[in-house]
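Each remark here refers to the structure printed beneath this line.
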Amino acid sequence: MPRRGRRRKKTRTHVVETDERVRGSLRSNDELRVPRSLVVRRGKVESELVELVADVRKLMRPYTALNFKEDATNRKVTLSHYANSLSGAMGVTHILALSQNSSRITLRAGRTPGGPTLSFRVKRFTLGRQIRAVQRRPYDSSKAFESPPIVVTNNFGDASAAPHVKLMRITFQNMFPAIDVGTVKLSDCRRVVLFNFIRRDFNEKKQSKDGGEGGDGDRENVMEDEEVEIRHYAIRAKPVGVDRKVRRIVESKIPNLSNLNDIAQYITGEASAVTKPGEMSDSEAEDETSHVVLPSKYRGKGNNPSQKSALKLVELGPRLRLKLYKVERGLASGDVMYHAYVHKSPKEIAELKTRKDGEVALKKRRREEQEVNVARKKAAKEEKKANREERRKEREERAMAELRGEGVSKDDGSENESGGDDNEGDSGDGGDDESSIGGSSSKEEGSGSEEEEGEGSSSSDEESS
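Residue numbering for the sequence shown follows the working numbering, starting at 15 and increasing by one per position.
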């Protein structure tokens with residue numbers, strides 16, 4: 015017999031791992047590993063420091079909260095509050111907090127949720143707008159901030175460096191996502207963040223102190239022995255290997271040719287054209303040490319693959335000069351692992367740790383006692399509320415019972431009164447009946463007498479006849 019129906023189609027009950035699903039899972043895992051930062055200010059600060067916070071947020075882009083609105087005046091909102099509320103929900107891994115008092119500016123960088131925390135003193139800083147104001151051709155491109163910057167740590171030493179120096183280098187590197195050289199796109203390399211460690215000899219510092227004797231103001235300007243300088247640059251590429259005038263035309267920087275009869279006069283240099291200010295300053299492209307061969311197309315006209323271009327760094331800002339003075343084990347809490355100005359002996363450290371442990375235990379015990387007291391007061395309050403509610407219900411029931419009792423007594427009285435009236439009416443009706451009966455009997459008697467009289471009259475008539 016011929017086969018009936020169509021060919022059976024298999025139904026797969028298991029999930030097929032397609033390439034898109036695998037790529038999506040890998041992409042999600044990579045996004046989870048990307049460090050995310052939060053830059054906040056704490057306390058009352060000057061307007062320049064508010065601008066510095068905005069500049070640091072631009073430096074940390076794109077994986078940062080650019081428009082975060084913090085409650086800076088509320089000192090009770092600590093770094094732990096930010097970490098507890100944002101580290102899990104938004105994946106924040108690093109918190110940078112700027113604060114200011116009458117004498118100094120402090121920057122604290124902490125790893126959430128368990129630390130460590132590095133505390134810096136901001137020796138000096140320059141805002142981004144101040145840097146752009148002195149540049150002839152400032153760099154302005156919003157697309158450069160769509161990809162993370164390249165992190166360069168300079169002069170931090172090798173494995174033999176001090177522990178706090180290695181910790182600084184690791185912290186600075188982990189604040190930004192790592193770059194895989196094998197898979198990174200050339201068009202994503204648009205910015206550079208430089209962390210330069212400045213180490214000075216102690217004798218030089220002492221000489222600067224001796225030469226700076228003259229007051230507290232000079233003592234504040236004394237150079238520290240260890241500082242970190244932060245710079246932020248943008249990468250600009252220009253094609254090389256062609257004439258300077260032709261390169262301007264390729265880059266769409268066409269000068270004013272109204273005074274020329276032919277463009278050949280501009281190319282050969284027979285006549286000069288009017289150019290915009292700053293366009294003739296191309297000496298940076300003549301430095302052969304900055305010439306590279308591009309493996310792929312880069313931003314800018316003329317930067318094609320296998321084309322030689324000159325790279326230049328244009329500073330974006332801000333500039334920061336920092337001094338590390340304290341390292342804490344936890345997030346703004348815990349043991350002090352390093353301090354630049356306070357040095358303690360092992361015995362003092364042990365005593366301090368014992369005292370801190372005692373304070374922590376005392377705080378925990380007081381917290382437990384407070385929780386017990388709060389629970390007891392809450393239970394007493396609930397009991398008091400329940401008793402008050404019960405008394406209210408009893409009053410309502412008593413009032414309702416009284417109202418019902420008065421209604422019953424009034425109804426009984428009315429019924430008694432109505433019963434008496436009925437009795438009185440019945441007795442009256444009985445008298446009437448008796449009188450009516452009596453009347454009827456009297457009427458009957460009257461009729462009987464009339465009949466007797468009639469009979470008497472008739473008999474008398476008969477006798478007379």
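Note that CB positions come from ideal geometry on N, CA and C, so glycine has one too.
Inspect the beta-carbon positions of L334 and V207 and report whether they are closer than 8 Å.
Result no, Cβ atoms of L334 and V207 do not sit closer than 8 Å.
In angstroms with no decimal places, state the Cα-to-Cα distance between K137 and A248.
If you take the alpha carbons of K137 and A248, they lie about 24 Å apart.
Do A86 and G57 have their beta-carbon atoms positioned less than 8 Å apart in this structure?
Yes; because the gap between Cβ atoms is below 8 Å, this pair is in contact.
Confirm, please, whether the CB-CB distance from V64 to R71 is below 8 Å.
No, Cβ-Cβ distance for R71 and V64 is not below 8 Å.
Strand pairing of P253, partner residues [DSSP]:
P253 is bridged to S323.
Got a sec? Which residues, its chain only, sit under 7 Å from P319 by beta carbon, not counting five neighbours each side?
Excluding sequence neighbours, P319 sits near L308, P309, S310, K311.
So, for I212: in the same chain, excluding its five sequence neighbours on each side, which residues have a beta-carbon less than 8 Å away from its beta-carbon?
The answer, listed in chain order, is N169, E240, E241, V242, E243.
Assigned exposure category for V53 - 16 Cβ within 10 Å defines buried:
When all chains shown are included, V53 counts as buried.
Counting C-beta neighbours from all protein chains within 10 Å, is the total for D172 16 or more, i.e. buried, or is it exposed?
Counting C-beta atoms within 10 angstroms of its own C-beta, D172 has fewer than 16 neighbours from the protein chains shown and is therefore classed as exposed.
So does L366 have its beta carbon nearer than 7 Å to some heavy atom of the ligand NAP?
Here there are no bound small molecules, and the ligand NAP is not part of this structure.
Helix, strand or coil for L141, going by three-state DSSP, please let me know.
Three-state result, L141: coil.
Reference F159, options S133, T78, S323, closest by Cα
T78 is the residue among S133, T78, S323 whose C-alpha sits nearest the C-alpha of F159.
Boundaries (first-last residue) of the alpha helix (DSSP H) holding R183:
In the DSSP assignment, R183 falls within the alpha helix (DSSP H) that extends over 177-188.
Go ahead and label L80 buried or exposed: buried means 16 or more other beta carbons lie within 10 angstroms of its beta carbon, across all protein chains shown.
Result: exposed.
Secondary structure of K24, DSSP reduced to three states
It is coil, neither helix nor strand.
Would you mind listing the beta strand (DSSP E) stretches within the stretch 320-402 that are 3+ residues and don't spill past its ends, in chain order?
Qualifying beta strand (DSSP E) stretches, in chain order: 322-329, 333-342, 350-353.
Answer with buried or exposed for S454, where buried requires no fewer than 16 other C-beta atoms within 10 angstroms of its C-beta.
Caution is warranted here: a pLDDT of 45 is assigned to S454, below 50, making its placement in the model unreliable, and the coordinate value is therefore given only provisionally. That one is exposed.
Any idea what DSSP makes of N317, helix, strand or coil?
In the three-state reduction of the DSSP assignment, N317 falls in the coil class.
Going by Cα to Cα distance, which pick from H305, K157, V341 is closest to H357?
Each of H305, K157, V341 was checked against the Cα of H357, and the nearest Cα belongs to V341.
Which residues DSSP lists as bridging E113, in chain order:
According to the sequence displayed, residue 113 carries Ser and not Glu. DSSP lists R56, T120 as partners of S113.
Taking the beta carbon of G331 as the centre, do at least 16 other beta carbons fall within 10 Å, making it buried, or is it exposed?
Label assigned to G331: buried.
What's the gap between the Cα of M351 and the Cα of I363?
Note on geometry: alpha-carbon atoms of M351 and I363 lie some 10 Å from one another.
Secondary structure of L274, DSSP reduced to three states
Three-state result, L274: coil.
Among G102, L93, P152, whose alpha-carbon lies nearest the alpha-carbon of A123?
Nearest C-alpha to A123: L93.
Buried or exposed, going by whether 16 or more other CB atoms sit within 10 Å of the CB of E410?
The residue is exposed, with fewer than 16 neighbouring Cβ atoms inside 10 Å.
Please name the residue in P162, Q144, R22, L141 whose C-alpha comes closest to that of D194.
Check the Cα spacing between D194 and each of P162, Q144, R22, L141: the tightest is with P162.
Could you pull the start and end residues of the beta strand (DSSP E) that V67 belongs to?
Premise fails: V67 lies in the alpha helix (DSSP H), 61-73, not in any beta strand (DSSP E).
Using the rule of at least 16 other Cβ atoms within 10 Å of the residue's Cβ for burial, across every protein chain shown, is V386 buried or exposed?
Classification for V386: exposed.
Thinking C-beta only, is L132 closer than 8 Å to M189?
It is not a contact, given that the beta carbons lie outside the stated cut-off.
Kindly indicate which three-state DSSP category L93 falls into: helix, strand or coil?
Note: L93 maps to helix in three-state DSSP.
Could you give the distance in angstroms between the alpha-carbon of E404 and the alpha-carbon of E397?
Their Cα atoms are separated by approximately 10 Å.
Run through DSSP, which three-state label would F159 get?
Three-state DSSP puts F159 in a helix.
In whole angstroms, what is the alpha-carbon distance linking A176 and A389?
Annotation: A176 to A389 spans about 51 Å, alpha carbon to alpha carbon.
Mapping the DSSP letters down to three states, classify N168 as helix, strand or coil.
Collapsing the DSSP output to three states places N168 in a strand.
So, at 6 Å on beta carbons, what are the nonlocal neighbours of L100 in its own chain, with the 5 sequence-adjacent residues on each side left out?
Sequence-distant Cβ neighbours of L100 in its own chain, meaning closer than 6 Å and more than five residues away, are V106.
Would DSSP call L80 helix, strand or coil?
Note: L80 maps to coil in three-state DSSP.
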